[in-house]
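Residue numbers in the sequence shown follow this note's numbering, run continuously in steps of one, and reach 395 at the last position. Ideal Cβ placement from N, Cα and C applies to all residues, glycine included. Shown next, in structure tokens, is the structure this report addresses.
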Amino acid sequence: MPGNRTTRICDECESAFFSDASRMNGLCPQCAHVLYGYPVCEHIFDNGRCVKCGWDGSASAYIRFLLGKPASSSQY
Ligand SMILES: [Zn+2]
Ligand SMILES: [Zn+2]
């Protein structure tokens with residue numbers, strides 16, 4: 320496989336992701352999993368990005384809410 324994978328920007332968390340790693344055009348695998356139940360990527364982080372899907376660990380406030388994490392972690 321050539322190294323020129325197409326990179327998109329997630330509509331939800333605004334992270335970059337590899338288009339061929341997600342089943343949704345506008346969502347990274349992480350958000351597609353949380354929002355729509357698509358298979359989760361078992362992220363492997365290298366240099367701040369997942370080498371499998373390209374996600375950089377971003378999460379929108381809505382995603383954090385769905386995951387039950389506080390939008391502001393400063394209190395904890
Ligand atoms: Zn996302
Ligand atoms: Zn991943």
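Using DSSP with H/G/I as helix, E/B as strand and the rest coil, what is R383? Here the question's residue 383 lines up with position 64 in the sequence shown. The answer is helix: DSSP assigns R383 an H, G or I state.
If we ignore side chains and look at the alpha-carbon of each, how far apart do I382 and A351 end up? The sequence position of residue 382 within the sequence shown is 63, counting from 1. The sequence position of residue 351 within the sequence shown is 32, counting from 1. Each residue's Cα considered, the two are about 10 Å apart.
Going by alpha carbons, who is nearest to F364 out of C372, Y357, R327? Here the question's residue 364 lines up with position 45 in the sequence shown. That would be C372, whose Cα lies nearest to the Cα of F364.
Extent of the continuous beta strand (DSSP E) run through A351: Within the sequence shown, the letter at position 32 stands for residue 351. Element bounds for A351: not the beta strand (DSSP E) but the alpha helix (DSSP H), 348-355.
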